[in-house]
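In terms of our numbering, the sequence shown has 299 at position 299, counting the first letter as 1, and numbering is strictly consecutive.
Note that CB positions come from ideal geometry on N, CA and C, so glycine has one too.
All remarks here apply to the structure that follows.
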Amino acid sequence: MEAGTEGAVNTYSLQLLTRIANLRTEQAVPAYTSVTLDLGSFEIAAQNGSDVSFDASANGAYLNITGKGNIKNTFRIKGDVFITGVVPLTDAVVELGGKAVFRTLVKDLPAAAGNSYAYSYGEQQNVPFYLHDAQACLWLPDYGRSEELRFTVSGTGGSSTEYTAGNITTVTQRTEAIPATPVGVVARVVYRNGAMNQAFNTLQEAFRAAATAWTSVSASLPAETTMTDKLKLVNVQLLTGVTVSGTLKAEGWFTLNLNGKNLTSASGAKLQVTNGAHLAVADVTTGIKGNMAVDIDLAGSARLFVPGAVRLEGNVTKGGVADVFYWRTLVNMNYQSSTIDKVTFDAVEYPVIDREVCLWLPASTDDTKVYSFGVGDKTEQVSGYQVSAGKHDNDMTIGGNNNVARIGTQEHATLKAAFDAATMGQTVELMKTTSLEADYSLSGKSIVFELGKYELTGSHPLTVASGASLVIKSKSGSGKIGSPLSAQAGGTLYIGQDIPGDAIGTVSEGGNPRYRLLVTNLPANIPSGTHSFTFAEIGSDGNPTGAQQAGSFVVRENVGCLWLEEQVARRLTMTVGGTDYPTDNVTVNADHFNIETYGVSDVAQIRNGKKYRDLAAAFADASGKTIVLLKNAALKQNVEVNGSVVLETGSYTVTSQDVGSLKAVISVPEAANLQITGKGTIGSNFTIDKAGRTDVNSNGNLQADRTVSLTGTVSLNDKQLQRVSVEGLPAAVKATYEYNGQEGEATTSSDGSLCLWMEVQKSSPSNFFVEASGMTYMATSVLVMATHVNPVTVTPVTAVAAIGDKTYDTLADAFDELADGAMVNLRKSQAELTGAHRLPDALTGSATLDLAGNVITAVNASFDANNGRLVMMNGVLGGTVALTQNVYAEGSVIMNNAQVSLDGKTVWRTFLTLPDGTTAFTFKLGDGTAVSSDNIRQADGHPVACLWLPSSNVARTLTVTAGDVEYALNNVVVASTHGNELDVTAGNDPVAEVDTKTFASLASALASVAEGGTVTLKKNLSLSSVQDIKKNLTLNLGGLSFTSGNSGFNVDAGKTLKIVGGMLLGTCACKGRVRLAQVAT
């Protein structure tokens, strides 16, 4: 080879024609020369200890090694050497600069003329590298721990962008490229034909910028501009997967390009397309498209286009109506003129994009319903379609003959007709989602079934008969097979990587269920075609034992597709031309996601150390070390973790076999710690302890990345807990969290996340709070459910309060702008709230202060309802606070430590149940002045007033006049507690008694009883407020029932409440010493 020049690079392509044994010389590429070495199916065996090397260190030199062969033993590299992933480097030791290095392939970095690239990994900082065919081949050392791999991409004009591949390890020679994503930047807004290109750290910021850009570019549009062209003017391009928290609002007209990334939502979050807005979703990537798993609300006249190539999950609503859902229905325009750029439906115009129209329709099983469309100057009507609930891939076709499949240009009315007409090697392409009208058996031919974006549904099976072959594909990556598939002996079925496992329904063979296994990195010795296999258990002597599965399988594009029974740790032997190619420790789970790398039989490896064929043995040696899964693994016995262990799962699965009657358990005792990373699945049950270290991102001694799927139980002290994955916090800082009484402290991880173990929240959603780095972070409406997928995204709380989307720096500022029916939400707790909070003069109705789980500690603050009514709810009110009579503090407001005054006098909250229909009333306590009130709200279907009354140790009569009826409650003692509850509808029917004296409320009785005395119930009682207990006393239920609606008892320190003789029902929160005797719960 001759060297080129900087202006004229020489290019050479070399083809290996035979195996090379004991290569021991240097292979150097001259300057300004590009060389591609195709190994074919041959192997290069380097001679250990020799000077063998591949050197592309000269200026402008580049060496690319590809093909299906392999390089083994020890060899050195220098310069720009790119070894593609199809070269497995099995048993290779690669050295760079005298150190062992490992191949790491990286994709998704921006490739553009003039760009320069540098990476940083551990001790290697700002190392320059090159992109080739939009990928990088890096050679990285192993530090014995995970390190972040970061990139700096420098463009023309001095611009630079930081990217990251996250924290990775380098214990193996990677064969698949890992993606790089921009650091901090989640999206770009591009408009004015690319002249404007802005980066944003949050998707909401990008959406706001897109709306502003639309206002700018739409101001001078020609009248003839089509809807489709308008949507193309502004583009938001996703650069990384985004999880939506809160409400993500889309305003204006623009296109969201997923770029192969996923848009998902945290609990309670949604995407809202606002009134008048028009959002189109697109994905211009080839291959697998991005997914959307997000709830959506279409406000007013909002329009949304989501193409069929994008998989969509979530509920779609209109106008915020929560219980009425709409389902994506795509209208096929292939039979209409290509000049048609819009369609009218229900008097609304919709764009035609790539021959599709996207509608959002309510579910309907009426296939006689007629749908009318305005197409150009004519009206087209279609019928015979159902809109299915629970799925977003409904479709219709305007015009044509409603055919469902085609072979080339020849269309067929039914799928059966298309299958019947297909000849050897032809492709049947689905044109719409359809089902087989009867069982169908494909026989005597080999064909390809292209799903496109559609689904084969129904219950009739599609069978591949003996001697036939069926390949199922989806060029969009979003096709599905919902109908059953079966293969007879001698029939072959191939479904490759373009159809994900969850898009394949049941598959059987001879009536027995089968699950897909894809085997990658097949050598040239196993070519495309049909071959035979056996799948057998291996005995202690290393030979097959017991019954084994045998059959045929298909290889396409270097990937084998087998349909196997669910089994653990078996030997898969593929046979070609009489030669066996075995792979041991193959585990097939009961799903279609199984994938194996040919020839890899060890299931795990201690980093930089021993490989293991038994996972339990790896755990036994792993104290203070990292276990790297090399493939799906089976846990065959109970395991106890010793010391600190990291388990890196990659994308593999750990399946637990039964030990006795239960599956194998991983125990993490008090002194141990287990961290699980990657994107794999762990099927084991865990027993854990509280975190014994302060430097872990968890309250337990088990930390599992949110990307790790956990399908077993996690128990601490015999109590089952659920994983809660918290994101949005600063990295590596102490964080204190609180959620519905569950609280603790942990250190955030390097990506600002926490892995918490929490109890299931059985009541209504609550707010989740975290204090970190002097800031308060919050997620609203969080409900921890019985699953290990509980994502919580917290955001910093900067504003104190909000009315709708408008925020305020003080609560008083928010009060100044309240209107009838409005609600102010408290965003963060107020430790020393002062000043006046008064409803505006013009507000004569009702306004609400939602504490949203926060705490107000008042210091001589006041709340004045003025001419209206102020309702407080959902939180804690404490400290010294002045109120007016028309302030209604619901039972959801805990006021145990509140000192409340009204007109300068100390008063106590008292709930009074009134006769049904009461909207206003007067009341008088004892000889006091009669007071008129309309401070009433409905509770449990009855009107309940909130009164603020002074306490007294003297029993008095409460006289209430409602309408023309006067009611008198005798022996009313208003206790010094905010849990007084009275019921005027009960007349003089007492609630409780002390000695022989009866009382109209439990609070009155509790306030009157002497130290050590007994309060006895006189009737079944339902209570919804907390009662303060300031004495040692006994509550005798008297054989009756006490039903608590989130009420309870707050017992002073050193005092004891004893509850005896009856039934205690509902949710009763107790603080302090409470004892139960002869009480049914």
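Hey, which unbroken runs of the alpha helix (DSSP H) at 4 residues or more fall wholly within the segment 370-455?
You should have 415-421.
Might you give, ordered along the chain, the residues of its own chain that have their beta carbon closer than 7 Å to the beta carbon of T880, omitting 5 neighbours on each side?
Counted from its first residue, the sequence shown places residue 880 at position 880. Hits under 7 Å: A858, V859, N860 and Q899.
So is G650 in contact with chain D if we call contact Cβ pairs under 7 Å?
In the structure shown, chain D does not exist; there is a single protein chain.
Which runs of the beta strand (DSSP E) spanning at least 3 residues fall entirely within the segment 904-992, listed in chain order?
Runs of the beta strand (DSSP E) inside the segment 904-992: 905-913, 921-925, 931-933, 936-939, 942-949, 956-962, 965-972 and 980-983.
Check whether the Cβ atoms of L710 and I595 lie closer than 7 Å to each other.
Taking the sequence shown and counting its residues from 1, the one referred to as residue 710 is at position 710. Taking the sequence shown and counting its residues from 1, the one referred to as residue 595 is at position 595. No; because the gap between Cβ atoms is not below 7 Å, this pair is not in contact.
Near K289, what residues of its chain come up, given a Cβ to Cβ distance below 8 Å and the 5 sequence neighbours on each side ignored?
In the sequence shown, the residue the question calls residue 289 occupies position 289. Cβ neighbours of K289 within its own chain (closer than 8 Å, five residues either side excluded): L258, G260, D283, A309, V310, R311, S476, G477 and S478.
Are the Cβ atoms of T1119 and T240 separated by less than 7 Å?
Here the chain has residues from 1 to 1081 only, and residue 1119 is not among them.
Any chance the segment 619-635 sits against the segment 596-608, with 3 or more Cβ pairs inside 8 Å?
The segment 619-635 vs the segment 596-608: in contact.
Could you pull the start and end residues of the beta strand (DSSP E) that M778 belongs to?
Taking the first residue of the sequence shown as position 1, residue 778 is located at position 778. For M778, the enclosing beta strand (DSSP E) covers residues M775 to V782.
Between the Cα of T929 and those of L783, T959 and Y440, spot the shortest distance and give me the residue it belongs to.
The residue given as residue 929 occupies position 929 in the sequence shown. The candidate whose alpha carbon is nearest that of T929 is T959.
V659 classed as buried or exposed, judged by whether at least 16 other C-beta atoms fall within 10 angstroms:
By one-based count along the sequence shown, residue 659 stands at place 659. With a threshold of 16 other beta carbon atoms within 10 Å, V659 falls short and is exposed.
Nearest to F921 by alpha carbon, out of P943, Q703 and S901?
Counted from its first residue, the sequence shown places residue 921 at position 921. Here the closest residue by C-alpha is P943.
Contacting residues, own chain, Cβ-Cβ under 6 Å from E565 (five flanking each side not counted):
Looking up residue 565 in the sequence shown gives position 565. Within the same chain, E565 has close Cβ partners Q549.
Helix, strand or coil for R613, going by three-state DSSP, please let me know.
Along the sequence shown, one-based indexing puts residue 613 at 613. The answer is coil: DSSP assigns R613 none of H, G, I, E or B.
M1 - containing alpha helix (DSSP H), residue span
Counting from 1 along the sequence shown, the entry for residue 1 is found at position 1. Counting along the chain, M1 falls outside any alpha helix (DSSP H), and DSSP gives it neither H nor E.
Quick check: what's the CA-CA separation for I803 versus Y739?
Along the sequence shown, one-based indexing puts residue 803 at 803. Along the sequence shown, one-based indexing puts residue 739 at 739. Going by the C-alpha atoms only, they are around 24 Å apart.
Report yes if the C-beta distance between F747 and L729 is below 7 Å; otherwise report no.
As a position in the sequence shown, residue 747 is number 747, starting the count at 1. As a position in the sequence shown, residue 729 is number 729, starting the count at 1. First, the residue type needs correcting, since residue 747 is Thr and not Phe in the sequence shown. Contact flag unset, no.
Which full runs of the alpha helix (DSSP H) of 4+ residues lie inside the segment 584-653, going along the chain?
Whole alpha helix (DSSP H) segments, 4+ residues: 615-620.
Residue from V654, K690, V586 and G320 with nearest C-alpha to E670
Numbered from 1 along the sequence shown, position 670 holds the residue referred to as residue 670. E670 has its Cα closest to that of K690, out of V654, K690, V586 and G320.
Give me, in chain order, the residues of the same chain whose beta-carbon lies closer than 8 Å to that of R24; leave out the 5 immediate sequence neighbours on both sides.
In the sequence shown, residue 24 corresponds to position 24, counting from 1. Here the set comprises A46, Q47, S50, D51 and V52.
M292 - containing alpha helix (DSSP H), residue span
If you number the sequence shown from 1, residue 292 lands on position 292. It is not in any alpha helix (DSSP H) - M292 instead sits in the beta strand (DSSP E) that spans N291 to A293.
Can you list, in chain order, the residues of its chain with a C-beta nearer than 7 Å to that of Q336? Leave out the 5 residues immediately preceding and following it.
Translated into positions along the sequence shown, residue 336 becomes position 336. Here Q336 has V375, I398 and G399 as same chain residues with Cβ atoms under 7 Å from its own Cβ, once five neighbours each way along the sequence are excluded.
Excluding five sequence neighbours on each side, which residues of the same chain lie with their C-beta closer than 6 Å to the C-beta of I1059?
In the sequence shown, residue 1059 corresponds to position 1059, counting from 1. Once the five neighbours on either side are set aside, the close Cβ partners of I1059 are L1035, L1076 and V1079.
By a C-beta neighbour count over all protein chains shown, 10 Å radius and 16 as the cutoff for buried, is E26 buried or exposed?
Taking the first residue of the sequence shown as position 1, residue 26 is located at position 26. The Cβ neighbour count for E26, taken over all protein chains shown within 10 Å, is under 16; the residue is labelled exposed.
Does the Cβ of P513 have 16 or more other Cβ atoms within 10 Å, making it buried, or fewer, making it exposed?
Counting from one through the sequence shown, the residue named residue 513 turns up at place 513. Exposed, because fewer than 16 other Cβ atoms sit within 10 Å of the Cβ of P513.
What does DSSP give as the partner residue(s) for E224 in the beta ladder?
Here residue 224 refers to the residue found at position 224 when the sequence shown is read from its first residue. Answer is none; E224 lacks a bridge partner.
Check this for me: beta carbons of A210 and V190, under 7 Å apart or not?
Counting from one through the sequence shown, the residue named residue 210 turns up at place 210. Counting from one through the sequence shown, the residue named residue 190 turns up at place 190. Contact: no.
Under 7 Å between the Cβ atoms of P70 and E95?
In the sequence shown, counting from the first residue as 1, residue 70 sits at position 70. In the sequence shown, counting from the first residue as 1, residue 95 sits at position 95. In the sequence on display, residue 70 carries Asn and not Pro. It is not a contact, given that the beta carbons lie outside the stated cut-off.
With which residues is N767 paired in a DSSP beta bridge?
On the sequence shown, residue 767 is found 767 positions in, with the first residue counted as 1. Beta-bridge pairing links N767 to no other residue.
With H, G and I counted as helix, E and B as strand and the rest as coil, what does DSSP make of T212?
Residue numbering aside, residue 212 sits at position 212 when the sequence shown is read from its first letter. Shown here, T212 sits in a helix according to DSSP, grouped into three states.
Quick check: L442 and V464, are their CB atoms within less than 7 Å of each other?
Here residue 442 refers to the residue found at position 442 when the sequence shown is read from its first residue. Here residue 464 refers to the residue found at position 464 when the sequence shown is read from its first residue. Going by C-beta atoms, L442 is nearer than 7 Å to V464.
Y661 - containing alpha helix (DSSP H), residue span:
Counting from 1 along the sequence shown, the entry for residue 661 is found at position 661. The question names Tyr, but residue 661 is Ser in the sequence shown. Premise fails: S661 is in no alpha helix (DSSP H) and is neither H nor E.
Counting only runs that start and end within the segment 316-363, where is the beta strand (DSSP E) found for 3 or more residues in a row?
Whole beta strand (DSSP E) segments, 3+ residues: 316-318, 327-332, 342-345, 348-351 and 356-361.
Would you check if the segment 327-334 and the segment 271-281 touch, i.e. whether three or more CB-CB distances between them fall below 8 Å?
Touching, no.
Distance CB(L140)-CB(T170) smaller than 7 Å
By one-based count along the sequence shown, residue 140 stands at place 140. By one-based count along the sequence shown, residue 170 stands at place 170. Taking a C-beta distance under 7 Å as the contact criterion, L140 and T170 qualify as a contact pair.
Taking the DSSP output, what are the residues bridged to I499?
If you number the sequence shown from 1, residue 499 lands on position 499. I499 pairs with nothing; no bridge assigned.
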